[in-house]
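See structure below.
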Amino acid sequence: MQLAYTIVYVADVAASLDFFERAFGFERRFLHESGGYGELATGGTTLSFAQHEVARGNLGHDYVAADRSAQPLGMELGLACADVPAAYQRALAAGGFGLAAPVSKPWGQVVAYVRCPDGTLVELCTPMS
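Heads up: the sequence shown at position 54 corresponds to 167 in the numbering used here, and the numbers run straight through without jumps.
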């Protein structure tokens, strides 16, 4: 077993792809002509986005949409980078909402949290050595 991809359910796939490109520098790999599904090249694991309608159709029932929740959902996307303060500022400039500014943790890692316009919670962190 291996983690193949993560799919984030969003209202506007193209807008989420655009934000992740501008905020985090990822490259768009694919956007279906329907606009209902798209992918970013992120390294070893694909980060995908699907419209709420597509997700509900696949699941057969409803769920909590991140963009409709006043609080972030109880999961995050962890993005490792060398310069967390710069990545945090870039994400804010792209339209993200800062939840926790960069701090150094006791174990030596620098960590910050951003909520994306689509409601996704992202942790920006230095790699664990």
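Cβ coordinates follow ideal geometry from the N, Cα and C atoms, glycine included.
- Query: How far does the alpha helix (DSSP H) with P198 in it reach, from first residue to last?
  - Reply: V197 to A206
- Query: Which residue comes first and which comes last in the alpha helix (DSSP H) that contains E166?
  - Reply: H165 to L172
- Item | Exposure of D196, with buried meaning 16 or more beta-carbon neighbours within 10 Å | By the neighbour-count rule (16 or more Cβ atoms within 10 Å), D196 is not buried but exposed.
- Task: Report the residue from P230, A124 and S217 whose alpha carbon sits nearest the alpha carbon of P198.
- Result: S217
- Rounded Cβ spacing between D231 and S129 (contact assumed at less than 8 Å): 5 Å
- Query: Got a sec? Which residues, its chain only, sit under 8 Å from T158 by beta carbon, not counting five neighbours each side?
  - Reply: L116, A117, Y118 and T119
- Kindly indicate which residue of Q164, M114 and P219 has the alpha-carbon position closest to the one of A179. Q164
- Message: Please tell me whether R228 and G209 are closer than 8 Å, where the distance is taken between their beta carbons.
- Response: The Cβ-Cβ distance between R228 and G209 falls below 8 Å.
- Message: Considering just the uninterrupted stretch of the alpha helix (DSSP H) at L130, what are its terminal residues?
- Response: V126 to F137
- Would you identify the three-state DSSP class for A225, choosing helix, strand or coil? strand
- Query: Can P185 and L237 be called in contact, C-beta distance under 8 Å?
  - Reply: no
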